Amino acid sequence: MIYIFWTCKNRQEAKTIINQLLDQRLIACASILPEVESIYRWQNAIEESFETKVILKTLKPHFKAVQSHIQTHCSYEVPEITAIEAIEANSTYLQWVKEEVK
Numbered sequence: 084m085i086y087i088f089w090t091c092k093n094r095q096e097a098k099t100i101i102n103q104l105l106d107q108r109l110i111a112c113a114s115i116l117p118e119v120e121s122i123y124r125w126q127n128a129i130e131e132s133f134e135t136k137v138i139l140k141t142l143k144p145h146f147k148a149v150q151s152h153i154q155t156h157c158s159y160e161v162p163e164i165t166a167i168e169a170i171e172a173n174s175t176y177l178q179w180v181k182e183e184v185k
């Protein structure tokens, strides 16, 4: 199982894309952190903004499809899409994830 971290412009964009990923069975579920403050360099300037952070739960073989879908449908030119592999997981939760992402 992996967790995919994605940052987008707002909650509505997050929910729209999450629902598409669920419909395609590419993710089992998502958690939305509705407002995170981000400070970053963009086009040679320091920027500050409020964004929405999303944590997607899926299996490693689905990463590229999830990444491609987000890149195609999100508003950011360079979206953060990173994955972290779960080392341990509740076996019943892991089984549920496997059943959801066929």
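Heads up, the sequence shown stops at 185 in the numbering used here, and the numbers go up one at a time, no gaps. Even for Gly, the Cβ is constructed at its ideal location relative to N, Cα and C. This structure is a prediction, so every number in the text was calculated from the model and none was measured.
When the beta-carbon positions are compared, Ile85 and Ile153 stay at least 9 Å from each other. The three-state reading of DSSP puts Ser174 in helix, counting H, G and I together.
The three-state secondary structure of Ser151, taken from DSSP, is helix.
Collapsing the DSSP output to three states places Ile101 in a helix. The C-beta distance from Gln103 to His145 rounds to 13 Å, too long to fall under 8 Å, and the pair is not in contact. Judged by pairs of C-beta atoms under 8 Å, the region 99-113 touches the region 136-145, as three or more such pairs exist. In this structure, Pro117 is the residue among Glu130, Ile170, Pro117 and Thr141 with its C-alpha nearest to the C-alpha of Arg94. In the three-state reduction of the DSSP assignment, Arg124 falls in the strand class.
According to DSSP, residue pairing for Val119 in a beta bridge involves Glu134. Excluding sequence positions up to five before and after Trp125, its CB lies less than 7 Å from no other CB in the same chain.
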